[in-house]
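Trainee:
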Ligand SMILES: [Zn+2]
Ligand SMILES: [Zn+2]
Ligand SMILES: [Zn+2]
Ligand SMILES: [Zn+2]
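In the working numbering, the protein residues as written are 45 to 465.
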C-alpha cells in the first residue's frame, strides 16, 4: 500500500490526521505523562493500579473503558509493570475483546482487509528468528496478565505482534522528544524514504501528516521513519533492525547529500576521515557526545573543533551542534544559545526545508533565546526568526503553540518599538 497525491500539495499542508488505534506512554514516563492525552504534569494517579497517570478526571474517564481491563491485569503482577510492548499489545487485545472486528483479517491468510489492522503487512518472513523468539516470550507472558477469554490463538497474537513491530510509530512532543508509542492503521500506508516530502507531527497521541516539500499530483508521499540527517550506515542499520527492510531510496542508493563526512573545503572525505586537500580531519565527534557527564567546556571544544574542520551541513557537525545547543540552553548561556539556534535552524532549512517541524521549533528557539541578549543584533534576530516561526508553526504544530508564539511576538515587537522611541 502507498499514498499518492491526487493534486498538487503546497508545503505545510495538513494531508490527513488520525487518532491512534492504541497508544501507550514510554516506560520511564508513566509517572509524568497523562496516559490519555500525553501531556506533562499528570498528577492524578489511578488509585487502583497506581501505574497510569492522568491530567484530570475527564482524561481518566476517557481511558476507563480499556484501562478497567488493563488495570486488573497490572494488579495481577504488581509491583512489576509490563513493558511498553506488552502494554500496547495487551491494549489492542482488550480493544478486540470489546470490539472483535478490530482483529478482522489479522492472521487469516488471504483475507487482507481494505482498512484497519487487517490491512497492514506483518513482514513476518523478514523478521529475524531471534526477534520472533523475543516476540513469542512477550506473548507468552500475556497469560499472566490477561484473562483467558481476552487472549487469542497464539498464531493470531504472533501475527498481531509482527504487525505492531513493523508498523508502530514513536510518538513525540513538539521538540521531537519521544513520549510513547502508537499504532495508526491509515498512516501506516505511507511509505518510508530518507528523502521524505512529508512528516508526521503529534498533538498528544493524535498524528498529523503534513507536507514539508511541494508535492506534485501523481507523486508518492513519503515520510522518514528515522532521523534522515545522519550517515547512511547508521540510518540503514536502524531501519533494518527496527522496521526490517533495506532502504533503497534515492539517498540510500548513492545520492545522499549529507551521508558522508564532508570537509570544510567542500571535499568528500574518505572512510578514514581524510580529505584529499586538507589531510586528516581530527577528533570528528561521534555518539559519545550524548554522554551527559561530558563537561560543557569539553563539549564546546569538540564543537569548535568540528566547526573548524567540517562542512556546515555535515551530519556529525549537526549532531554535536544540537547537543551543545541544548547544553548551553540548560546553562542559560543565551548569547551562545541564540547563535547556535540560528545555525541549527538554517541547517534544518537546507536539509528538510522551511516547513519541517524542527525548522519551526528552532526558529522559535532563536526568538526565545535572543530576547535575553540585550544588543541590537540579537533583537533583530529575535524579530526575524520569531516572524519565521509564526509563519510556519500554525501548520507544523497547530493551534496552541502558534497562538502562544504569535502573542509573544506581538508583545516583543511592541516592546522593541517603545524602546526605540
Ligand atoms: Zn490528559
Ligand atoms: Zn489502574
Ligand atoms: Zn533511504
Ligand atoms: Zn579539505
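Positions of the beta carbon are idealized from the N, C-alpha and C atoms, including for glycine. Computed from a predicted model, the values in this text were never measured in an experiment.
Which word fits residue 118, buried or exposed, when buried means at least 16 other C-beta atoms lie within 10 angstroms of its C-beta?
Mentor: With 16 or more other Cβ atoms within 10 Å, it is buried.
Trainee: Does the distance between the C-beta of residue 466 and the nearest non-hydrogen atom of ligand 2 fall short of 8 Å?
Mentor: Residue numbering for the chain in the displayed model covers 45 to 465; residue 466 lies beyond these limits and cannot be assessed.
Trainee: Just verifying my parser: in three-state terms, what is the DSSP assignment at residue 312?
Mentor: Looking at residue 312 - three-state DSSP - the assignment turns out to be strand.
Trainee: With respect to the beta strand (DSSP E) encompassing residue 225, which residues constitute its N-terminal and C-terminal limits?
Mentor: Residue 225 -> beta strand (DSSP E) spans 222-227.
Trainee: Could you tell me the alpha carbon to alpha carbon distance between residue 339 and residue 235, rounded to whole angstroms?
Mentor: When rounded, the distance between both Cα atoms is 40 Å.
Trainee: How big is the Cα-Cα spacing for residue 228 and residue 124?
Mentor: Going by the C-alpha atoms only, they are around 28 Å apart.
Trainee: Please confirm whether residue 238 and residue 270 have their CB atoms less than 9 Å apart.
Mentor: Cβ distance < 9 Å, so residue 238 and residue 270 count as in contact.
Trainee: Using the Cβ count rule (16 or more neighbours within 10 Å means buried), how would you classify residue 111?
Mentor: So residue 111 ends up on the buried side.
Trainee: Could you give the first and the last residue of the continuous beta strand (DSSP E) run that contains residue 247?
Mentor: 242-247 is the span of the beta strand (DSSP E), which, as asked, contains residue 247.
Trainee: How far does the alpha helix (DSSP H) with residue 213 in it extend, from its first residue to its last?
Mentor: Not the alpha helix (DSSP H): residue 213 falls in the beta strand (DSSP E), residues 213-216.
Trainee: For residue 24, does the count of other Cβ atoms within 10 angstroms reach 16, so buried, or fall short, so exposed?
Mentor: Outside the displayed span of the chain (45 to 465) sits residue 24, for which this structure offers no information.
Trainee: To which residues of the same chain is residue 248 closer than 7 Å at the C-beta, ignoring the five residues directly before and after it?
Mentor: So the qualifying residues of the chain are 81, 82 and 83.
Trainee: Counting along the chain, where does the alpha helix (DSSP H) carrying residue 48 start and finish?
Mentor: Premise fails: residue 48 is in no alpha helix (DSSP H) and is neither H nor E.
Trainee: Going by CA-CA distance only, name the one from 415, 68, 380 and 390 that's closest to residue 223.
Mentor: Considering only alpha carbons, the answer is 68.
Trainee: Assuming contact is defined by CB atoms lying nearer than 9 Å, are residue 266 and residue 167 in contact in what I supplied?
Mentor: No, they are not a contact pair.
Trainee: Classify residue 243: buried if its beta carbon has 16 or more other beta carbons within 10 angstroms, exposed otherwise.
Mentor: Its Cβ being crowded by 16 or more others within 10 Å, residue 243 is buried.
Trainee: For residue 368, count neighbouring C-beta atoms within 10 Å of its own C-beta (all shown protein chains included) and say buried if the count is 16 or more, exposed if not.
Mentor: The residue is buried, with at least 16 neighbouring Cβ atoms inside 10 Å.
Trainee: Given that a residue counts as buried once 16 or more other Cβ atoms are within 10 Å of its Cβ, and exposed if not, what is residue 201?
Mentor: With 16 or more other Cβ atoms within 10 Å, it is buried.
Trainee: Using 8 Å as the cut-off, classify the Cβ of residue 320 as near or not near the heavy atoms of ligand 4, replying yes or no.
Mentor: Yes, the beta carbon of residue 320 sits closer than 8 Å to at least one heavy atom of ligand 4.
Trainee: One question on the structure: do residue 251 and residue 64 come within less than 9 Å of each other, judged by their Cβ atoms?
Mentor: Yes, the Cβ-Cβ distance between residue 251 and residue 64 is below 9 Å.
Trainee: Beta-carbon within less than 6 Å of residue 450's beta-carbon, same chain only, minus the 5 sequence neighbours each way: which residues are those?
Mentor: Answer for residue 450: 434, listed in chain order.
Trainee: How about the region 413-421 and the region 371-378: do they share at least three Cβ pairs that are nearer than 8 Å?
Mentor: Counting Cβ pairs under 8 Å, three or more are found: they touch.
Trainee: Apart from the five residues on each side of it in sequence, which residues of its chain come closer than 7 Å, Cβ to Cβ, to residue 394?
Mentor: Answer for residue 394: 357, listed in chain order.
Trainee: Taking the alpha-carbon of residue 162 as reference, which of 151, 172 and 362 has the nearest alpha-carbon?
Mentor: Nearest of 151, 172 and 362 to residue 162, Cα basis: 151.
Trainee: Roughly how many angstroms lie between the CA atoms of residue 52 and residue 259, to the nearest whole one?
Mentor: Taking the straight line joining both Cα atoms gives about 6 Å.
Trainee: What is the rounded straight-line gap between the Cα of residue 439 and the Cα of residue 56?
Mentor: About 5 Å.
Trainee: What residues in its chain sit with their C-beta under 7 Å from that of residue 232, if we drop five residues either side in the sequence?
Mentor: The residues are 164 and 211.
Trainee: Please tell me whether, using a cut-off of 8 Å, the distance from the CB of residue 81 to the nearest non-hydrogen atom of ligand 1 is below it.
Mentor: Residue 81 Cβ: within cutoff of ligand 1.
Trainee: What does DSSP give as the partner residues of residue 324 in its beta bridges?
Mentor: BP columns for residue 324 point to 318.
Trainee: Based on the DSSP secondary-structure assignment, which residues constitute the bridge partners of residue 68?
Mentor: Answer by DSSP bridge pairing, in chain order: 225.
Trainee: According to DSSP, is residue 89 part of a helix, a strand, or is it coil?
Mentor: Strand.
Trainee: Closest by CA to residue 240, which one among 347, 114, 62 and 300?
Mentor: Of the candidates 347, 114, 62 and 300, the one whose C-alpha sits nearest the C-alpha of residue 240 is 300.
Trainee: Just tell me which of 132, 77, 113 and 87 has its CA closest to the CA of residue 209.
Mentor: The option with the nearest alpha carbon to residue 209 is 132.
Trainee: In angstroms with no decimal places, state the Cα-to-Cα distance between residue 397 and residue 447.
Mentor: If you take the alpha carbons of residue 397 and residue 447, they lie about 22 Å apart.
Trainee: Is residue 114 close to ligand 2? I mean its beta-carbon at under 8 Å from any heavy atom of the ligand.
Mentor: Checking every heavy atom of ligand 2 against the Cβ of residue 114, one is found closer than 8 Å.
Trainee: Compute every distance between the C-beta of residue 111 and the non-hydrogen atoms of ligand 2, then say whether any falls below 8 Å.
Mentor: Correct: residue 111 has its Cβ closer than 8 Å to ligand 2.
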